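Report on the following structure.
There are 2 protein chains.
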Amino acid sequence: MEDGFSLQDATVAIVGLGLMGGSLAMSLKGKCARLIGFDPHLPTVRLARAASTVDHAESFFALSEATTKPIDVLVLAAPVPTILGLLHQLRQVNYQLPLTLLDLGSTKRDILQAMSSLPENFDPIGGHPICGKEKLGLENASASLYQDAPFILTPLTRTTQRAISAACQIISAIGAHPLEMTAEQHDEILSATSHLPFLLSSALAHSTPRAFAPFIGPGFRSTSRLAGSPAHMMLGILQSNRDNILRAIRSFHCALNEIESALRDENYLALENLLQRARSEYHLLIDGETIPKFQSPIL
Amino acid sequence: MEDGFSLQDATVAIVGLGLMGGSLAMSLKGKCARLIGFDPHLPTVRLARAASTVDHAESFFALSEATTKPIDVLVLAAPVPTILGLLHQLRQVNYQLPLTLLDLGSTKRDILQAMSSLPENFDPIGGHPICGKEKLGLENASASLYQDAPFILTPLTRTTQRAISAACQIISAIGAHPLEMTAEQHDEILSATSHLPFLLSSALAHSTPRAFAPFIGPGFRSTSRLAGSPAHMMLGILQSNRDNILRAIRSFHCALNEIESALRDENYLALENLLQRARSEYHLLIDGETIPKFQSPIL
């Protein structure tokens, strides 16, 4: 290929073998030349070795050219604050070979800013697969996690065609589909489609008396499901996307206030109209749109 | 049996063969002597006949002693306003045989009030199975809909032991489990566990720009799912449980405001505490509680 990247000949290293990194390894298995995994959590490394999730697993991540075969793609699959820490660490590394760097972090603006100060042999690109589970860890990872999921790519000005091609080949190999946008667009969209729903689920769980547990049905279960997400994971996301999330909360307040006023005023015609509009908006959001494919010149 | 009710010898009539009534018929099939179904929607009656959902299906509901075999249990499986209309209609009926009357309406206070003015040969009891789907109609009905669902019973002062036994035998036959409470308790609980989540999902769908559709993941899908419920179905519920729902909205506003303030003030310690508390409350609500069984003396 013109841009010189071929996944089947590449060594891919994944930092973080939790739900996202572990599932990535499982679905990349056999589709690249070699898979290396790093995770600071020893039981995870042991599990990755026992299950042959990767060809080689280590607990301590260090990028060095002394390894037998150089790494072609480095994937950072960790919570946002950890990715920011890793990027800070990589700024000190004088790695001589060109290295494509992809992250899977849930917000992009802060991460892209950190990527922009990496030494020039790094060829970074931001990424965010729109999939997951509330239950984290390698023990919950699965080769099908990325199947049919949108995978957002946020290139930097310095990102080469080779890095875009590498990312697209990985995304295609795991069954996801790439979508390109800026980090700012990503963070605005995700504040509404992911971070706000998490906060609503949490507020719902928080406002519901425990004594009502025996009467919980499938509706409540579904609306509150995201409240089960680990708080420490979500905190870094909320912190690095604060302004957008505060705006999304305000716009939600307006929508709920409209409904509340109609009910309080017993204006049932207005209420039915609001609910009907919400229902058709729901269907447009969930089923209505076809997914635009990211057009990379090489694909 | 002492109270004289035996499901296997009983004729059960179901008014409304939609999702709830149709699923009830499917799961009662073969467990009672005879099943009769009524539905004003002709295609539903034709489908019920073609699929033998009931032994006999009619579009026009009329309670008359001239039928070959008298009805032992009459189940009203319709939206709340329709049930209220049917109860008003039954007030004029001079039915000489004792008849157990059970409804499946989503709110109970207004329905029990209407039941209390029925002629004395009616032996009424309020009911509400906590299960369902957003997709209504007989075509979405299934024999497993009630499996393991809580089924709330709200007896009136006049409800006899025979009616309680009849309801419990039906609930046990369809694989649900009975829970007894007052109509007021029911409506307060359901405002928080069912009606509020529906309004939150609707407000979320309403506040999310349509252009964000390609970036919807499983989290948004789950939190917004109830917004797909038909507005006309929900309107009667909201109308007849307005005060409780307005209270539940206010208590949700407080919980969301707490989260919003902590994020706005960048008080991340407070925010993490709130989210952790919400998470453990979620787990207590969803997994934590054992379900108390309704103890009817005869079971």
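One line per chain: the protein sequences are A and B, in this order.
Position 161, counted from 1, in the first sequence is what the working numbering calls 158; the numbers after and before it change by one each time, with no gaps.
Position 260, counted from 1, in the second sequence is what the working numbering calls 257; the numbers after and before it change by one each time, with no gaps.
Glycine included, every Cβ here is placed at the ideal spot set by N, Cα and C.
This one's a predicted model, so the numbers in the text were calculated from it and none came from an experiment.
In this structure, the straight-line span from the alpha carbon of A:Phe58 to that of A:Leu94 is close to 17 angstroms. Chain B places a beta carbon closer than 8 angstroms to that of A:Ser191, counting this residue as a contact.
Here the C-alpha atom of B:Ala180 lies approximately 10 angstroms from the C-alpha atom of B:Ile149.
Look at the beta carbons and you see the region 114 to 133 of chain B touching the region 160 to 175 of chain B: at least three pairs across the two are nearer than 8 angstroms.
When the Cα atoms are used, B:Pro152 and B:Ala164 turn out to be separated by approximately 10 angstroms.
Measuring C-alpha to C-alpha distances from B:Gln273 to each of A:Glu257, A:Leu223, A:Phe249, A:Asn254 identifies A:Leu223 as the nearest. In the DSSP assignment, B:Leu232 falls outside any beta strand (DSSP E) and lies within the alpha helix (DSSP H) extending over 228 to 237.
For the region 168 to 184 of chain A, the set of positions with a beta-carbon nearer than 8 angstroms to some beta-carbon of chain B reads Leu176 in chain order. DSSP places B:Thr41 inside the alpha helix (DSSP H), whose first and last residues are 39 to 47.
Per DSSP, reduced to three states, the secondary structure at B:Thr151 is strand. The beta carbon of B:Asp120 sits closer than 7 angstroms to the beta carbons of Pro95, Leu96, Thr97, Leu98, Thr156, Thr157, Arg159, Ala160 from its chain, once the five residues preceding and following it are set aside; these are given in chain order. For B:His53, there is no enclosing alpha helix (DSSP H); the enclosing beta strand (DSSP E) has its first and last residue at 53 to 55.
For A:Arg218, the enclosing alpha helix (DSSP H) begins and ends at 215 to 221. Inclusion of A:Leu14 and A:Asp36 in the CB contact set at 8 angstroms is warranted, their separation being smaller than that value. Identification of residues in the region 221 to 239 of chain A having a C-beta nearer than 8 angstroms to some C-beta of chain B yields Ser221, Arg222, Leu223, Ala224, Gly225, Ser226, Pro227, Ala228, His229, Met231, Leu232, Leu235, Gln236, Arg239, given in sequence order. When DSSP states are grouped into helix, strand and coil, A:Val90 belongs to the coil group.
Taking a beta-carbon distance threshold of 8 angstroms, A:Thr205 counts as an interface residue toward chain B. Counting the other CB atoms within 10 Å of its CB gives A:His229 a total below 16, which places it among the exposed residues. Contact annotation: the region 206 to 223 of chain B touches the region 187 to 196 of chain A, with at least three C-beta pairs closer than 8 angstroms.
For the region 115 to 179 of chain B, the continuous alpha helix (DSSP H) assignments of 4+ residues that do not extend past its boundaries occur at 158 to 170, in sequence order.
Among the CB atoms of chain B, one or more fall inside 8 angstroms of the CB of A:Ser198.
Rounded to the nearest angstrom, the gap between the Cα atoms of A:Phe195 and B:Leu73 is 38 angstroms. At a beta-carbon threshold of 7 angstroms, the residues of chain A lying near B:Tyr265 are Leu232, Gln236, ordered along the chain. With respect to the 8 angstroms criterion, B:Gly27 and B:Ile11 are not classified as neighbours on the basis of their beta carbons. Residue state for B:Asp100 is assigned as strand, using DSSP reduced to three classes.
Here B:Glu131 is actually not in contact with B:Ser199; their C-beta atoms are around 12 angstroms apart, not less than 8 angstroms.
Nearest neighbour of B:Leu268 by Cα position, chosen from A:Leu268, A:Ala245, A:Met231, turns out to be A:Met231. For A:Leu71, the three-state secondary structure derived from DSSP is strand. In the three-state scheme derived from DSSP, where H, G and I count as helix and E and B as strand, A:Thr8 is classed as strand. Across the set B:Thr41, B:Ser237, B:Leu101, B:Ile122, the C-alpha of B:Leu101 shows the shortest separation from the C-alpha of B:Tyr143. The Cβ atoms of B:Val42 and B:Leu25 do not sit closer than 8 angstroms to each other. One alpha carbon belongs to B:Cys29, the other to B:Ser49, and they sit about 15 angstroms apart. Within a 10 Å sphere around the beta-carbon of B:Thr220 sit 16 or more other beta-carbons, which makes this residue buried. Collapsing the DSSP output to three states places B:Leu32 in a strand.
For B:Pro152, not one C-beta of chain A is nearer than 8 angstroms to its own C-beta. Close to B:His38, with beta-carbon spacing below 7 angstroms, lies no residue of chain A; the smallest spacing is near 20 angstroms.
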